[in-house]
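All letters in the sequence shown, in the order written, are residues 1471 to 1720 by my numbering. Below is one structure; the comments refer to it alone.
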Amino acid sequence: MRDIATILKEVEKLKHYSWPSRVRPELERATYFIYSTPTYEECLRRAHEASARTGIPLHVVKEYALARWYNFWTTEALYLSLKDNPLIRMAPEKKDKFKDMFIGHQAFDLKIMSLSASVSRREFDRLVENPLELIRTLEEGQSRARYHRATKLYLLVEVRDKSGKRMPHIAWREKKNIGVLKKALELYAVKLAESGYALPAVRCYAQGEEFVSRSDVIILMKTDGKYSCILYRWKKTGGPEKITVELAGA
């Protein structure tokens, strides 16, 4: 399954998404089949087989497998949509833990995610105005099973209703909105190239070690059905410049 329309037809079949609070190595091993399982029905079938083989309860394997399957295949569709962009190319090895894509010469591990419901609207807005702290929060919040210090590009999806209330429980649906995600990444690629590939330097402490992160962040906002993208231009002196772009027609 290598065309966008076919992928989106399959992922539309998922009506309930629940990502676990932590990554579990035994479930990572049990659901490794998602990389070679393009259809929803086949994913369900193989989840049943994995449950029978491992003794892990079916509802646990099924929920984990479907969420992981959805994440992988929506990202595959996004990569296909970017294949003709001259600034962006995909990493040659799809299962490389440290990099998914290159923008120019810079490698990134792309993380499409949202902040949990425990983060208040006020705290989210404060972090948007303090991107160094936001990046530190994301880096230090990595799960132990997937922790690494390589450069990441966090694409944070934030959905709000008409009143401005945060709706993180439905942010997962935006992962299949390939056109909007593509626009956000293309805007970032142009900004990064124009800046001479400048990245932040954020001092972090995670998993018992201190390190300087060069990761960056994009924020995709959907408020009452309207999209905007927040980027940051990093400077050698002074604070970062926040850039907000309305995504007309998204």
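No residue lacks a Cβ here, since even glycine has one placed at the ideal position from N, Cα and C.
Annotation: the continuous alpha helix (DSSP H) that includes residue 1591 extends over 1591 to 1598. For residue 1718, the closest C-alpha among the options 1698, 1702, 1518, 1712 is that of 1698.
Counting along the chain, residue 1625 sits inside no alpha helix (DSSP H); it lies in the beta strand (DSSP E) bounded by residues 1622 to 1630.
Taking C-beta atoms as the reference points, residue 1552 and residue 1645 fail to come closer than 8 Å. Each of 1509, 1530, 1496, 1543 was checked against the Cα of residue 1642, and the nearest Cα belongs to 1543. By the neighbour-count definition (other C-beta atoms within 10 Å, threshold 16), residue 1671 is an exposed residue. A distance below 8 Å between beta-carbons, with the five flanking residues on each side excluded, links residue 1613 to the following residues of its chain, in chain order: 1492, 1493. Taking 8 Å as the cut-off, the beta carbon of residue 1629 is found closer than this to the beta carbon of residue 1640. Under the three-state reduction of DSSP, residue 1568 is assigned to coil, being neither helix nor strand. In the DSSP assignment, residue 1648 falls within the alpha helix (DSSP H) that extends over 1648 to 1664. Minimum Cα-Cα distance from residue 1502 among the listed residues 1521, 1654, 1704 corresponds to 1521. Residue burial annotation: residue 1636 is buried, with at least 16 other C-beta atoms found within 10 angstroms of its C-beta. Distances from the alpha-carbon of residue 1599 to those of 1687, 1706, 1506 put 1687 closest. By a beta-carbon distance limit of 8 Å, residue 1626 does not contact residue 1547. Their separation comes to about 19 Å.
If you look at residue 1681, you'll find it in the beta strand (DSSP E) that goes 1679 to 1683. Per DSSP, residue 1714 lies in no alpha helix (DSSP H) segment; the continuous beta strand (DSSP E) that holds it begins and ends at 1711 to 1716.
Around the C-beta of residue 1578, 16 or more other C-beta atoms lie within 10 Å, and the residue is accordingly described as buried. Put simply, of 1659, 1619, 1526 the residue whose alpha carbon is nearest the alpha carbon of residue 1497 is 1526. In the DSSP secondary-structure assignment, residue 1686 is bridged to 1623. Counting C-beta pairs closer than 8 Å gives three or more between the stretch 1660 to 1677 and the stretch 1701 to 1710, which meets the contact rule. If you check the CB distance, residue 1580 and residue 1474 do not come in under 8 Å.
At the C-beta level, residue 1516 and residue 1509 stay beyond 8 Å of one another. For residue 1534, the closest alpha carbon among the candidates 1545, 1554, 1513 is that of 1513.
Looking at the DSSP output, residue 1694 sits in no beta bridge, so it has no partner there. Within the same chain, 1618 come within 7 Å of residue 1567 by CB-CB distance, once the 5 residues on both sides are set aside.
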